[in-house]
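FYI, the working numbering numbers position 10 of the sequence shown as 263, with every residue one higher than the one before it. In what follows, a structure is listed as structure tokens, so that the remarks can point back to it.
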Amino acid sequence: MLLNSEHTLNLRVYAADTDFMRVVYHARFLEFFDRARTEMLREHGLSLTTMARHDTYFAIHDVHIQYFSPARLEDSLEIKTCCVLKSAAVLQFNQVMHNQSGILLSEVKVQVVCVNEALKPKRIPAEWIGGVKRG
């Protein structure tokens, strides 16, 4: 069950994450945020294999990202994620990323739509969202 709580994921920036200027390539931020959302779902018992067994998936509907400061090689990153129920079939993940000095690097709002394997929208199972705040 997703709870209206905050999930935190800590990551380190490796050379493979950076561009020729030794800062994190902008698209890599989206990958880091995706990993944090996936870990939040997993923490609440919703691994990708569990969702597949229920013919229930989350498809990205909308992404709004802002970049404030670069992440650099060997930075330690902290990503905080919370989840809000927007409708019976839509969740919004609000996420922020800070470096080890507490500097805000990026914020993202990601809306996902619950779909079946045929990509048809469906209600999010009630037992999955018991504690999610409606927003």
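We put the beta carbon where it would ideally sit given N, CA and C, even for glycine.
Asked	Found
Below 8 Å between beta carbons: does that hold for A289 and Q348?	yes
Cβ of C335 within 8 Å of Cβ of L344?	no
Are three or more beta carbon pairs between the region 291-311 and the region 320-331 nearer than 8 Å?	no
Am I right that V365 and I313 are in contact with their C-beta atoms under 8 Å? What's the rounded C-beta distance?	6 Å
So who's on the other strand from Q353, going by DSSP bridges?	Paired residue(s): none; Q353 is not in a bridge.
Keeping to the same chain, check which residues put their C-beta closer than 7 Å to that of L262; ignore five residues upstream and five downstream.	R288, A289, E292 and I332
Which stretch, first to last residue, makes up the beta strand (DSSP E) that contains A312?	Y310 to Y320
In whole angstroms, what is the alpha-carbon distance linking W381 and F346?	15 Å
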